[in-house]
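Novice: Here it is: the structure, laid out below.
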Amino acid sequence: MGVNMIKIYGLKVSNFSSMVRFALMEKNIEFEWIETFPFSMSGDKTILDKSTNGAVPILEYDGQFISETLAIMSFLEKNFPDTKLISDDPLEHAKTIEIIKILENYIETSARNFYPFVYFGGEKKEDNLDQIKVTINRGLNILEKKASLSPFMVSKFSYADIFASMSLFPAKAVCEKVYSWNIFDDFKKLGESVESINSREAAKIIYSDIEKGMEQIQKSMNK
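First residue of the sequence shown? That's 8 in the working numbering, and the numbers climb one at a time after it.
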């Protein structure tokens with residue numbers, strides 16, 4: 008293993024950890040994966056030395072630690088530029104970040120309110136139930152108008168597509184269980200774009216690992 012081998016501390020069932028893994032695989036970067044629960048799930052204080060808020064994913068490189076998914080992607084793009092996942096063109100670059108922030112601020116963050124209920128058997132939060140749906144719907148409307156969807160979020164495959172895949176997948180599951188709403192029935196172009204993104208080999212591997220990981224979690228919960 009090289010001195011500057013990238014290490015990723017992450018949870019394979021986590022969509023944000025999976026975003027980083029997706030990017031590394033698309034860029035053909037060798038890395039070591041260290042399966043790591045966030046502090047909120049493990050209570051292991053050693054993770055706080057790597058990430059002050061105890062969240063994953065975390066990238067380690069040359070003895071330094073980087074958390075926050077977008078920051079990790081920025082580092083990967085600067086340090087490993089051979090396979091580009093964001094354009095050097097200022098407008099295209101900005102549009103990629105714009106799409107990512109729409110996905111994160113309107114859709115992923117809203118859907119996250121129900122991850123414990125949908126995936127881990129927790130209680131369904133009734134607070135702001137209607138408003139959360141309105142926010143998700145608004146985000147999907149904005150996204151379908153702003154994104155290229157031909158088939159990618161911008162002109163070429165980019166970090167925006169990785170965010171889209173890993174944000175819309177759990178959002179779809181949340182909306183189906185909480186609201187009996189298939190978001191891709193209402194936003195067909197988005198659904199077609201995500202289907203194209205998820206047909207990539209890296210996506211297939213990641214979603215297979217997510218499925219296996221969720222099965223293991225369900226088994227442990229049922230013991």
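Yeah, the Cβ is synthetic: ideal placement off N, Cα and C, and Gly gets one too.
Source: prediction; values computed, not measured.
(1) Starting from E42, trace the beta strand (DSSP E) in both directions and tell me its first and last residue.
(2) Are there 16 or more other CB atoms within 10 angstroms of the CB of L136, so buried, or fewer, so exposed?
(3) Quick one: what does DSSP say E67 is sitting in, helix, strand or coil?
(4) Y122 lies in the alpha helix (DSSP H); which residues open and close that run?
(5) List the whole-angstrom C-beta distance separating M160 from N22, where the pair is believed to meet the contact cut-off of C-beta under 8 Å.
(6) Smallest Cα separation from V141: which of I190, S74 and A171?
(7) Taking 9 Å as the threshold (C-beta atoms), are M12 and F38 in contact?
(8) Hey, which unbroken runs of the beta strand (DSSP E) at 3 residues or more fall wholly within the region 13–62?
(9) Helix, strand or coil for S74? Go by DSSP, reduced to three states.
(10) So, is D168 buried or exposed, given that buried needs 16 or more other C-beta atoms within 10 angstroms?
(11) Kindly indicate the opening and closing residues of the alpha helix (DSSP H) around S203.
(12) Helix, strand or coil: which one does DSSP assign to L175?
(13) Looking at C-alpha atoms only, which residue of K132, E84 and A118 is the closest neighbour of E1?
(14) Confirm, please, whether the CB-CB distance from S94 to K163 is below 9 Å.
(15) N144: buried (16+ other C-beta within 10 angstroms of its C-beta) or exposed?
(16) Buried or exposed: where does A78 fall if 16 or more other Cβ atoms within 10 Å of its Cβ makes it buried?
(17) Rounded to whole angstroms, what is the Cα-Cα separation between I114 and G198?
Specialist: Reading it off the structure:
(1) In the sequence shown, the residue the question calls residue 42 occupies position 35. Its beta strand (DSSP E) spans residues F38 to E42.
(2) Within the sequence shown, residue 136 is the residue found at index 129, counting from 1. Here L136 is exposed. Its C-beta has fewer than 16 other C-beta atoms within 10 Å.
(3) In the sequence shown, residue 67 corresponds to position 60, counting from 1. Here DSSP, grouped into helix, strand and coil, assigns E67 to strand.
(4) On the sequence shown, residue 122 is found 115 positions in, with the first residue counted as 1. Element bounds for Y122: Y122 to F127.
(5) The sequence position of residue 160 within the sequence shown is 153, counting from 1. The sequence position of residue 22 within the sequence shown is 15, counting from 1. Cβ-Cβ separation between M160 and N22: approximately 16 Å, too far for a contact (criterion under 8 Å).
(6) In the sequence shown, residue 141 corresponds to position 134, counting from 1. Per the Cα distances, I190.
(7) Counted from its first residue, the sequence shown places residue 38 at position 31. Counted from its first residue, the sequence shown places residue 12 at position 5. It is a contact, given that the beta carbons lie within the stated cut-off.
(8) Within the region 13–62, the beta strand (DSSP E) runs of at least 3 residues that lie entirely inside it are, in chain order, 13–17 and 38–42.
(9) Residue 74 sits at position 67 when you count from the first residue of the sequence shown. If DSSP states are grouped into helix, strand and coil, S74 belongs with the strands.
(10) Within the sequence shown, numbered from 1, the residue matching residue 168 stands at position 161. Around the CB of D168, 16 or more other CB atoms lie within 10 Å, so the residue is classed as buried.
(11) The count along the sequence shown starts at 1 and reaches residue 203 at position 196. Segment K195 to I204, the alpha helix (DSSP H) holding S203.
(12) Your numbering for residue 175 matches position 168 in the sequence shown. In the three-state reduction of the DSSP assignment, L175 falls in the helix class.
(13) Since the first and last residues shown for the chain are 8 and 230, residue 1 lies out of range.
(14) For the purposes of this step, residue 163 is taken as the residue at position 156 of the sequence shown. For the purposes of this step, residue 94 is taken as the residue at position 87 of the sequence shown. Yes, they are a contact pair.
(15) Position 137 of the sequence shown holds residue 144. Buried: at least 16 other Cβ atoms inside 10 Å.
(16) Numbered from its first residue, the sequence shown carries residue 78 at position 71. With fewer than 16 other Cβ atoms within 10 Å, it is exposed.
(17) Taking the sequence shown and counting its residues from 1, the one referred to as residue 114 is at position 107. Taking the sequence shown and counting its residues from 1, the one referred to as residue 198 is at position 191. Taking the CA atoms as reference points, I114 sits about 14 Å from G198.
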